[in-house]
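Counting from 1, one number per residue, gives the positions in the sequence shown under the UniProt record's numbering. Each residue gets a CB set at the ideal place from its N, CA and C atoms; glycine is no exception. Presented below is the structure to which this report refers.
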Amino acid sequence: MNTTEFLMIASAIVPERTAIIFDGDHISFEMLQERVNRLANAMSELGIGRGDRVAAMQTNCHHLIEIYFAAAQLDAIYVPINFRAKEEELAIMLGIAQPDLLFLGERYLPLVPTDGSLSVERIVMLDAPAANAGYAYDDMLANADPEQVHFPEDDEDATTVIMFTSGTTSVPKGAQLTHDSFGTFLLTNVAPADPEVEETNLLTVPMYHVAGLQAALAAVFGGRTLVVMPQFDAERWLGLVAEYRADRAMLVPTMLKMVMDHPKFSDYDLSSLSVITYGAAPMPLPVVRQAIETFPGTRFINAFGQTETASTITMLPPDDHDLTGTAEEVETKLRRLTSIGKPLDDVEVMIVTEDGDPVGEGEVGEIVARGPRMMTGYWRLDDATRDTLKGRVALHRGSGLAG
1 MNTTEFLMIA SAIVPERTAI IFDGDHISFE MLQERVNRLA NAMSELGIGR GDRVAAMQTN
61 CHHLIEIYFA AAQLDAIYVP INFRAKEEEL AIMLGIAQPD LLFLGERYLP LVPTDGSLSV
121 ERIVMLDAPA ANAGYAYDDM LANADPEQVH FPEDDEDATT VIMFTSGTTS VPKGAQLTHD
181 SFGTFLLTNV APADPEVEET NLLTVPMYHV AGLQAALAAV FGGRTLVVMP QFDAERWLGL
241 VAEYRADRAM LVPTMLKMVM DHPKFSDYDL SSLSVITYGA APMPLPVVRQ AIETFPGTRF
301 INAFGQTETA STITMLPPDD HDLTGTAEEV ETKLRRLTSI GKPLDDVEVM IVTEDGDPVG
361 EGEVGEIVAR GPRMMTGYWR LDDATRDTLK GRVALHRGSG LAG
């Protein structure tokens with residue numbers, strides 16, 4: 001199943017529901033599908049097709065979601081670029097991915113290499129006229145056919161994303177994630193679009209990160225309204241939750257701490273929040289305890305994963321964040337709060353020794369994950385791929401966690 005089908009299904013089931021809210025603009029699922037069709041048709045006219053790389057560098061915006069689905073519709077490969085990348089880092093990533101098209105925010109144009117490796121004619125400006133580039137995004141959409149004329153091949157193992165991660169090295173590596181990488185997670189862990197179920201999610205994590213992209217895809221698949229923040233700001237986050245009555249949000253621990261400590265925290269009505277997911281960094285026990293006390297009506301989930309596993313592989317559920325009960329029960333739950341929970345249903349997870357044997361209780365080892373959504377490899381890095389993957393289904397990650 002190609003992931004672009006998730007949008008096709010949602011736009012058919014809940015066409016008039018708002019899919020994305022960005023900078024005050026509301027885009028329905030039907031409109032989102034039309035914009036994706038237009039972009040796919042425009043990119044096809046430029047020769048983009050199966051296996052071609054389409055890169056994008058911009059803060060969170062609806063354009064990034066559209067670019068992903070348009071690339072998937074053409075069986076092309078989406079390459080999100082960290083908008084915080086410096087000039088040298090950008091040159092390395094572009095050199096590795098060798099994109100056939102680059103979508104860019106205007107302020108990042110001066111960072112693009114001028115050595116001729118990427119023609120100016122292959123740059124699309126997302127938020128500016130095409131004066132110093134080949135095309136302007138809005139013009140591409142305005143001049144393109146709104147009907148879907150490209151239907152992707154049914155190839156779950158085809159690469160849909162190359163997502164850069166530095167991991168244990170200083171040089172970025174492009175993890176190749178397939179349609180199955182995302183589809184397996186969504187089909188197993190997310191409820192599909194339902195006309196009777198409405199929910200609003202607030203997207204804070206950047207979409208160049210696997211957690212941000214997975215959150216956006218989950219919202220589309222689930223027919224949820226996604227409020228997109230360009231970049232995190234604690235007071236703006238508080239305002240968006242209150243304004244749009246957000247049901248769910250994801251925050252890294254530092255963001256959550258900034259929200260709770262903001263001097264205007266009590267000025268906002270956050271009672272709509274039913275779930276806060278946290279992850280992407282270790283959560284200090286005092287911070288999660290503060291969060292449980294500060295958001296008494298909110299359930300918390302600790303999600304653990306990495307780029308190479310297409311996001312979450314283990315989860316600590318809301319019940320383990322409920323600190324009621326006897327002193328002994330609370331003590332047990334406090335110990336669990338320092339863990340990463342249990343594996344999700346679509347992956348196998350073990351902690352092993354250097355020889356690959358399961359560790360004994362209390363021993364330190366490596367996390368090994370196995371399942372259909374593991375990356376297929378690092379783009380054009382065969383040695384790094386062999387060091388990480390074992391028969392395509394196992395992934396080692398040095399974590400220092402005890403078994």
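| query | result |
| --- | --- |
| Inter-residue Cα distance where the pair is His179 and Gly325 | 43 Å |
| Own chain partners of Gly305 with C-beta closer than 6 Å, once the 5 adjacent residues on each side are dropped | Ser311, Thr312, Ile313 |
| Given 8 Å, three or more beta-carbon pairs between the stretch 273 to 282 and the stretch 248 to 260 | yes |
| Span of the beta strand (DSSP E) around Arg248 | 248 to 251 |
| Inter-residue spacing [alpha-carbon to alpha-carbon] between Thr376 and Thr184 | 14 Å |
| Euclidean distance between Cα positions of Asp387 and Tyr378 | 10 Å |
| 8 Å contact criterion, which Asp75 and Glu153 should meet: CB distance rounded | 6 Å |
| Three-pair Cβ contact test at 8 Å for the stretch 157 to 166 versus the stretch 69 to 87 | yes |
| Gln33 - containing alpha helix (DSSP H), residue span | 29 to 45 |
| Opposing strand residues paired with Gly205 [DSSP bridges] | It is Val, not Gly, that sits at residue 205 in the sequence shown. Val205 is not bridged to any residue. |
| Check: Pro113 C-beta below 8 Å from any heavy atom of the ligand HEM | Only the bare structure without any ligand can be found here, which leaves the ligand HEM out of the picture. |
| Spatially closest choice to Leu42 from Ile292, Asn143, Arg373, Ala128, by CA coordinates | Sequence check: residue 42 is Ala here, not Leu. The option with the nearest alpha carbon to Ala42 is Asn143. |
| Option in Ile292, Ala219, Val228, Asp233 with minimal Cα separation from Ser11 | Ala219 |
| Identity of the residues DSSP links to Ile301 by a beta bridge | Thr277 |
| Under 9 Å between C-beta atoms of Val210 and Thr307 | yes |
| Close beta carbons around Ile92, own chain, < 8 Å, minus the five adjacent residues each side | Val171, Pro172 |
| Collapsed DSSP secondary structure at Lys257 in the structure displayed | helix |
| Meets three-Cβ-pair contact criterion under 8 Å: the stretch 133 to 141 and the stretch 31 to 49 | yes |
| When Gln176, Pro230, Glu106, Leu46 are compared against Gly24, the one with the closest alpha-carbon | Pro230 |
| Bounding residues of the beta strand (DSSP E) (the contiguous stretch that carries Leu104) | 101 to 104 |
| Cutoff 6 Å; reference Tyr108; Cβ partners in own chain excluding five residues on either side | Met57 |
| Proximity to residue 492 [Cα-Cα], best of Ala369, Phe164, Met207, Gly223 | Because the chain is modelled from 1 through 403, residue 492 falls outside the range shown and cannot be assessed. |
| Opposing strand residues paired with Ala56 [DSSP bridges] | Pro80, Phe103 |
| Beta strand (DSSP E) segment containing Thr114, residue limits | Neither: Thr114 is in no beta strand (DSSP E) and is coded neither H nor E. |
| CA nearest to the CA of residue 412, picked from Ala193, Gln290, Val120, Leu94 | Here the chain comprises residues numbered 1 to 403, so residue 412 is not present and cannot be evaluated. |
| Under the three-state DSSP convention, the category Lys333 falls into | helix |
| Residue(s) in a DSSP beta bridge with residue 406 | Shown here, the chain extends from 1 to 403; a query on residue 406 therefore has no answer. |
| Cβ pair Asn82, Leu203 closer than 9 Å | no |
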